[in-house]
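Residue numbers (the numbering used here): 9 to 278.
Scroll down for the structure; my scribbles are underneath it.
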Amino acid sequence: MLFTIKMKAKEKIHRKYLYYSMLSFVNIGAFLFQLLICMIPFALHFAIPKTANFTLTLTSASLILPFLFLSTKWLRETAFVVTQNKAAGNHIEKRELFAASVRVFTADIVNLLRKMIWLLVYLCPAVLCFCVQIILLQTGNLYSYPFVVLTGTEILLIVMGLVFYSCSTPICGYMRYCAAVDGDTPLKEILTNGVKISERYLRKILQYHYSMLPWKILSFVPFAGFYSLPYLLVSRQNLFASLTDQNQLEANRIKIYNGKNTPTRIVAEN
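Below is the structure:
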């Protein structure tokens with residue numbers, strides 16, 4: 009399956025590297041611009057002297073920056089929606105663009121909360137071990153051997169937590185893709201079905217995610233991103249589209265099977 013997805017991606021971007029590179033760079037440029045907006049408060053803190061005007065400037069910035077952040081966030085989601093629909097070969101109307109951007113923005117917020125909960129859950133054992141170490145240190149009962157054991161345990165728990173976290177976060181990508189491409193399904197249903205489908209095909213998503221790590225690293229190399237970024241964009245879109253088609257095919261099989269066995273169930277119930 010993954011081999012077919014990658015081969016189709018290579019065929020699709022063949023001799024169209026400039027077009028798909030521009031799509032990828034638009035999305036990345038929107039993200040960098042949003043990051044620049046987030047760094048403005050720190051720049052103001054070091055650039056402006058701490059005088060009476062400093063407080064006024066920070067007050068004005070606190071009112072303007074949230075608006076700028078939300079505006080750049082919407083621009084980023086708009087760029088993502090356009091990118092995914094262009095890569096999928098879909099045409100999106102201008103009146104549908106705003107609604108799709110709002111759907112992706114909402115999906116991003118839900119994914120952010122989910123990632124924060126996952127991070128707290130996976131790192132909670134390491135935090136508890138660290139608290140035990142601090143308590144023993146304060147009471148004077150922490151000696152060299154227990155210190156080494158607790159420190160090693162903390163490192164092991166942190167590594168295991170990060171591994172589990174990295175295996176959970178790829179689930180969020182599919183929901184974001186569905187919110188950008190699927191304009192007919194309600195957002196609540198997209199988020200619910202996205203979790204179910206991602207968990208069902210988690211092994212395939214993780215296989216793809218880790219098999220593309222060399223390409224992701226290569227995208228940071230100058231001029232290499234001209235090929236690697238379009239390849240990542242189209243192959244990811246192909247993966248999510250194939251997962252959607254496969255899930256729909258299995259759902260149709262279940263409906264056909266249930267339909268054939270409907271009389272049998274009615275007789276059994278009677």
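C-beta: ideal position from N, C-alpha, C; glycine also.
Every value quoted in this text rests on a predicted model; they were computed, and no experiment measured them.
- The alpha carbon of V189 has as its nearest neighbour, out of L40, L43, E85, K18, the alpha carbon of E85.
- I142 sits in a helix when the DSSP states are folded into three classes.
- Pairing K94 with K204, the inter-Cα distance amounts to about 26 Å.
- Y182 places its beta carbon 8 Å or farther from that of Y130.
- In the structure shown, the three-state DSSP call for M9 is coil.
- Per the Cβ contact rule, the region 219-228 is not in contact with the region 146-159 (fewer than 3 Cβ pairs under 8 Å).
- In this structure, the CA atom of A249 is about 51 Å from the CA atom of F155.
- Rounded to the nearest whole angstrom, the CA to CA distance from M124 to L31 is 29 Å.
- Q92 counts as buried, since at least 16 other C-beta atoms from the protein chains shown sit within 10 angstroms of its C-beta.
- In this structure, the CA atom of V242 is about 56 Å from the CA atom of Y151.
- Out of T177, N255, G202, L164, the CA that lies nearest to the CA of L120 is found in T177.
- For S227, the three-state secondary structure derived from DSSP is coil.
- Straight through space, the alpha carbons of T200 and P194 are spaced by roughly 10 Å.
- The alpha-carbon separation between Q254 and G148 amounts to approximately 60 Å.
- Around R111, the same chain offers A187, L195 as residues with beta carbons nearer than 7 Å, after the five sequence neighbours per side are excluded.
- Boundaries of the alpha helix (DSSP H) harbouring I36: 25-46, taken from the DSSP string.
- One alpha carbon belongs to F33, the other to A232, and they sit about 13 Å apart.
- Taken through DSSP and simplified to helix, strand or coil, L241 comes out as helix.
- Around the beta carbon of Y28, 16 or more other beta carbons lie within 10 angstroms, which makes this residue buried.
- In this structure, G169 sits near A134, with a CB-CB distance shorter than 8 Å.
- Judged by DSSP in its simplified three-state form, I198 adopts helix.
- When secondary structure is reduced to three states using DSSP, T86 falls in the helix class.
- When secondary structure is reduced to three states using DSSP, M220 falls in the coil class, being assigned neither helix nor strand.
- Look at L150 here: in three-state DSSP terms it is coil, with no helix or strand label.
- In this structure, the alpha-carbon of Y25 lies about 35 Å from that of E258.
- Annotation: the continuous alpha helix (DSSP H) that includes G181 extends over 178-189.
- If you compare the alpha carbons of L247, L237, F77 with that of L210, the shortest gap goes to L247.
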